[in-house]
Amino acid sequence: MKEILTMRHIDKNFPGVRALSNVDFTLREGEIHALMGENGAGKSTLIKVLTGVEEFESGDIRVDGIEGPVINRSPEEAQKNGISTVYQEVNLCPNLTVAENLYIGRQPRTAFGTIDWKTINENAKKVLTDLDIDVDVTKNVEDCSVAIQQMIAIARAVDISAKILILDEPTSSLDDNEVEKLFTLMRKLQSKGMGIIFVTHFLEQVYEVCDKITVLRNGELVGEFTVEELPRVQLVAKMMGKDFDDLAEIKSAATETDNSHKEVLISAKQLGSRGAVHPFDVDIYKGDVIGLSGLLGSGRSELARTIYGIQNPDEGELFVKGKKVHIKQPIQAMKLGMGLLPEDRKDEGIIADLSVRENIIIALQAKRGVFRLISRKQQEEFADKYIDILQIKTAHRDTPIKQLSGGNQQKAILGRWLLTDPDFLVLDEPTRGIDVGTKTEIQKLVVKLADEGKTVVFISSEIEEMIRTCRRMIIMRDTYKVGELPEMEISKDNIMKAIAGGAEHE
Amino acid sequence: MKNLITKMSTQAFVIMVTIILFIIMYAAGCVVYADKNFTNIQVFFNLFISNAGLIIISASMTMVMISGGIDISVGSQVALVCMMMCDLVMNKHVPTAAAIAICIVYGIVYGIYAGVMVAYLNIQPFIVGLSGMFFARGMTAVINTGMLSIADKTFDVLAKTKIMIPIDFLAKVNKRGMKIYPNLYPSVIIAFLVLVIMFVMLKYTKFGRAIYAIGGNEQSALLMGLNVKKTKFLVYLLDGAIVALGSVVYCMNTCGGFVAQAQGLEMDAIAAAVIGGTSLMGGVGNVFGTLLGVMTKATIEALVSFQGSLSSWWAKIIIATLLAFFIILQSIITRIKAKARD
Chain A
5 MKEILTMRHI DKNFPGVRAL SNVDFTLREG EIHALMGENG AGKSTLIKVL
55 TGVEEFESGD IRVDGIEGPV INRSPEEAQK NGISTVYQEV NLCPNLTVAE
105 NLYIGRQPRT AFGTIDWKTI NENAKKVLTD LDIDVDVTKN VEDCSVAIQQ
155 MIAIARAVDI SAKILILDEP TSSLDDNEVE KLFTLMRKLQ SKGMGIIFVT
205 HFLEQVYEVC DKITVLRNGE LVGEFTVEEL PRVQLVAKMM GKDFDDLAEI
255 KSAATETDNS HKEVLISAKQ LGSRGAVHPF DVDIYKGDVI GLSGLLGSGR
305 SELARTIYGI QNPDEGELFV KGKKVHIKQP IQAMKLGMGL LPEDRKDEGI
355 IADLSVRENI IIALQAKRGV FRLISRKQQE EFADKYIDIL QIKTAHRDTP
405 IKQLSGGNQQ KAILGRWLLT DPDFLVLDEP TRGIDVGTKT EIQKLVVKLA
455 DEGKTVVFIS SEIEEMIRTC RRMIIMRDTY KVGELPEMEI SKDNIMKAIA
505 GGAEHE
Chain B
3 MKNLITKMST QAFVIMVTII LFIIMYAAGC VVYADKNFTN IQVFFNLFIS
53 NAGLIIISAS MTMVMISGGI DISVGSQVAL VCMMMCDLVM NKHVPTAAAI
103 AICIVYGIVY GIYAGVMVAY LNIQPFIVGL SGMFFARGMT AVINTGMLSI
153 ADKTFDVLAK TKIMIPIDFL AKVNKRGMKI YPNLYPSVII AFLVLVIMFV
203 MLKYTKFGRA IYAIGGNEQS ALLMGLNVKK TKFLVYLLDG AIVALGSVVY
253 CMNTCGGFVA QAQGLEMDAI AAAVIGGTSL MGGVGNVFGT LLGVMTKATI
303 EALVSFQGSL SSWWAKIIIA TLLAFFIILQ SIITRIKAKA RD
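Have a look at this one:
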């Protein structure tokens, strides 16, 4: 097959980080090519370099039909060179009609120089019919489903004579039915000879629609494989960076756990939130440490957030201590004895301009309500207590939290939740971006909390860390809860097998 | 009903509601105040005459709101332009045509300022409008703190020429058997010209469609290759010019200027746009819908004044209620549509 895009020896540095190092990528005519990798693997950087959003230091990009190397300085320039991108958040104007969205900026005109609406509508209809997209072109885009919106965006890209189409996580907000429609469209474009780069973290979809897979890890190329030669579990191993055969030996010293006599704290029955996590059943026991494991975007955070009420569940039931509850807002969850340390520390965790003391007491104050004010003296006692227990390194309790290091900020946020004395604490990536010493402290703390009878849900992309701390693992894949591993069975290869799914059939 | 909402665009539905409301109100006026001559077609035409300036200014406001912005300085701009007209023509003895030109040039200069601030310096339109509002009101007082009026031959020709509408169907026959045709002033003709030009510009030019696209989703507009900054800049520049023209037309009706003139007119313009189906979020609107909004407001004022004993402030209260109703209506329609889509 003819190569229509070749990227060779691409290097890209961000201050202090090597984002891409000697990466090669090849796209051929009529090929759907998956670009896979975990957080920080460099797949979005590679796309940005290709589409002119980011510059690159060295390397060579060539596009079929264009003499010499191609360097795009902006997405528009990339578009002119035949490379179009359709993003996860659809970049259309919702208030305009389908037809106008296809032609805005390049509208045909009448003899008087005014916009020729008749031609716009006729052409749009033709373009969409050609691609088997069934939609009324005079309808506003906001009245179309997300799937149709994606397809319209793709149609626009195709109509601007794109030869190379990049689909960046297009399926994240689609349901199964819609995904199928999108795949039909992709296959149609494929048969017309277009090359499609498909960025996704849904394993199943890769095996359903792609021909080739390129895996990146830590900014380096792991390799290019055909779908047939790379079974799922191998793919997961390549993405996570451990050669599958080398892992067999590590196993945690565990005892058989019997959950039957334990008190059930939280129980979810077919709880689900559309577009975030498919309905799941889970029983969470007192004193449990549960790890939520899965690839990026597998719904691991969303499961916890659905229980906690950040993500509103739209089906199923939730029981806390045997009582049925409807949690619509986190404050309700807090009053039921829950706490959640969010993944995004900067935006959802710290309040940057408030002091360490204020950041620590704020959740307790919210839980008590504004009319039962915590006195200044008490606040200081609380703050000092957790600064001491968690060894938060801060000049003073009234230092603005933004002046602290990431690890110490995280400890302060942990202190915030410990202060509310929760029975059930969700820690979403509590150790991301913090130093090794603090990581170990946090892991120890998790184990200690469990010994005190508190329940902890621990979410981390680092499998070793989960193996060290968790007594049970819940495995997520493609927003489904696909399995649970009791402590006896927690091991790297088991987790990877479970994440990869379908491995037993390979 | 739900079916209808999901089929129609939000704006079309709002306009339909406004039309129905307008007809009901006007019909009610004709029935209740039949003895007070409300049925006279001239009453209807007077609504246009007394609101010609507001129609132009509201149309411009609609354009700015479609782009996702707002211009809250228009009330003060009216006061300043009216004062400038009076001062230039009466005290400085500048010919009327030159005075009008000076006012429009002032509008363009203010528009360039607002455009640079909003489009290139990324300052919120509200804050920019606030600065313009204080400046214009202050400048009005600097020119003259008293009340000036304008009486000039050329100006009077523009302001007071009665244009008969020779349509027999609309004519009223008086006691002596003579046909009295209803009449309009040139200001109404100017207002309608502005409306038609703006309608064509918004619907049939690339610039006009870019305004809608930017109001709908600025980021998308940018990625689709539209020049967002330039379009926004031109919107404010044009707004400055049209508002100045609207202010001159406003002056033709009042023939005077004073510091406290047209206070709160910006809110009338915004209310008219919203009642006429313009979205406060941007991206949706139509100048003829806005015309309907102005007429609705004018009808309410007429009804209150025909009633006689009510304070004219009741008109404001009714408009406020109506505005709340329309905002709630828009939000409900959006919800119903979202549900239908999923």
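First to last, the sequence lines map onto chains A and B. All the letters of the first sequence, read from the start, carry residue numbers 5 to 510 under my numbering. All the letters of the second sequence, read from the start, carry residue numbers 3 to 344 under my numbering. Note that beta-carbon positions come from the ideal geometry of N, C-alpha and C, so glycine has one too.
Considering only C-alpha positions, which residue in the set the options is nearest to residue i?
i: glycine 487(A); options: Leu50(A), Gln447(A), Ile417(A), Phe284(A); result: Phe284(A)
i: isoleucine 72(B); options: Thr280(B), Ile302(B), Leu23(B), Val251(B); result: Thr280(B)
i: aspartate 89(B); options: Ser52(B), Ala143(B), Val107(B), Ser11(B); result: Ala143(B)
i: tryptophan 121(A); options: Leu132(A), Asn105(A), Asp136(A), Leu135(A); result: Asn105(A)
i: glycine 63(A); options: Thr188(A), Ile14(A), Lys266(A), Lys448(A); result: Ile14(A)
i: threonine 64(B); options: Val289(B), Ala304(B), Lys205(B); result: Val289(B)
i: methionine 92(B); options: Asn255(B), Ala30(B), Ser151(B), Tyr238(B); result: Ser151(B)
Would residue i and residue j be called neighbours here (beta carbons separated by less than 7 Å)?
i: leucine 317(B); j: alanine 193(B); result: A small correction: the amino acid at residue 317(B) is alanine; leucine does not occupy that position in the sequence shown. No, they are not a contact pair.
i: glycine 284(B); j: glycine 113(B); result: no
i: threonine 398(A); j: valine 430(A); result: no
i: alanine 246(B); j: valine 80(B); result: no
i: methionine 67(B); j: alanine 275(B); result: yes
i: valine 240(A); j: methionine 500(A); result: yes
i: methionine 342(A); j: phenylalanine 428(A); result: yes
i: alanine 262(B); j: valine 76(B); result: no
i: phenylalanine 47(B); j: leucine 267(B); result: no
i: leucine 538(A); j: alanine 161(A); result: Past the boundaries of the shown model lies residue 538(A); chain A is included only from 5 to 510, so the question cannot be answered.
i: serine 271(A); j: glutamine 315(A); result: no
i: isoleucine 182(B); j: lysine 174(B); result: yes
i: methionine 119(B); j: isoleucine 110(B); result: no
i: leucine 31(A); j: leucine 9(A); result: yes
i: methionine 87(B); j: cysteine 257(B); result: no
i: isoleucine 242(A); j: valine 231(A); result: Sequence inspection shows lysine at residue 242(A); the isoleucine mentioned does not correspond to that position. Cβ atoms of lysine 242(A) and valine 231(A): not closer than 7 Å.
i: glycine 291(B); j: glycine 278(B); result: yes
i: valine 3(A); j: alanine 308(A); result: The displayed coordinates of chain A run from 5 to 510. Any statement about residue 3(A) would go beyond what the structure contains.
i: valine 102(A); j: asparagine 85(A); result: no
i: serine 305(A); j: glutamate 347(A); result: yes
i: phenylalanine 202(A); j: isoleucine 36(A); result: yes
Helix, strand or coil for residue i, going by three-state DSSP, please let me know.
i: arginine 211(B); result: helix
i: alanine 399(A); result: coil
i: alanine 280(A); result: coil
i: threonine 30(A); result: strand
i: glutamate 59(A); result: coil
i: methionine 190(A); result: helix
i: leucine 296(A); result: strand
i: phenylalanine 1(A); result: Because chain A spans 5 through 510 in this model, residue 1(A) falls outside it and cannot be assessed.
i: alanine 272(A); result: strand
i: serine 60(B); result: helix
i: arginine 436(A); result: coil
i: arginine 113(A); result: strand
i: valine 94(A); result: coil
i: glycine 242(B); result: helix
i: phenylalanine 386(A); result: helix
i: leucine 150(B); result: strand
i: valine 219(A); result: strand
i: lysine 16(A); result: strand
Note down, in chain order, each residue of its chain lying with its Cβ closer than 7 Å to the Cβ of residue i, except the 5 sequence neighbours on either side.
i: threonine 123(A); result: Pro112
i: lysine 119(A); result: Checking the displayed sequence, the identity of residue 119(A) turns out to be isoleucine instead of lysine. Contacts found: Gln111, Arg113.
i: isoleucine 58(B); result: Ala193, Val196, Ile244, Leu247, Gly248, Val251
i: glutamine 383(A); result: Arg361, Ile365
i: lysine 339(A); result: Lys371
Output needed for residue i: all residues of its chain with C-beta closer than 8 Å, excluding positions within five of it in sequence on either side, in chain order.
i: lysine 38(B); result: Phe308
i: glutamine 274(A); result: Pro283, Phe284, Asp285, Glu319, Gly320, Glu321
i: serine 465(A); result: Glu42, Asn43, Leu300, Glu433, Arg436
Return no unless some Cβ of chain D is closer than 7 Å to the Cβ of residue i.
i: leucine 294(B); result: The chain labelled as chain D is not found among the protein chains of the depicted structure, namely A and B.
Would you check whether the ligand ATP has a heavy atom nearer than 6 Å to the C-beta of residue i?
i: threonine 41(B); result: The ligand ATP is absent from the structure shown, which contains no ligand whatsoever.
Sorted by chain position, which residues of the same chain lie with C-beta nearer than 6 Å to residue i's C-beta, five sequence neighbours on each side aside?
i: phenylalanine 60(A); result: Ile14, Lys16, Val53
i: leucine 518(A); result: Nothing in the structure corresponds to residue 518(A), since chain A is present only between 5 and 510.
* May I ask you to list, following chain order, the residues of the segment 215–240 of chain B that have a beta carbon less than 8 Å from some beta carbon of chain A? => Ala215, Gly217, Gly218, Asn219, Gln221, Ser222, Ala223, Leu225, Met226, Gly227, Leu228
* Mind checking the segment 266–285 of chain B against chain A and listing, in chain order, the residues whose C-beta falls within less than 7 Å of any C-beta there? => Gly285
* Asked: Taking any Cβ of chain B, which residues in the segment 80–94 of chain A have a Cβ under 7 Å from it, in chain order?
  -> Glu80
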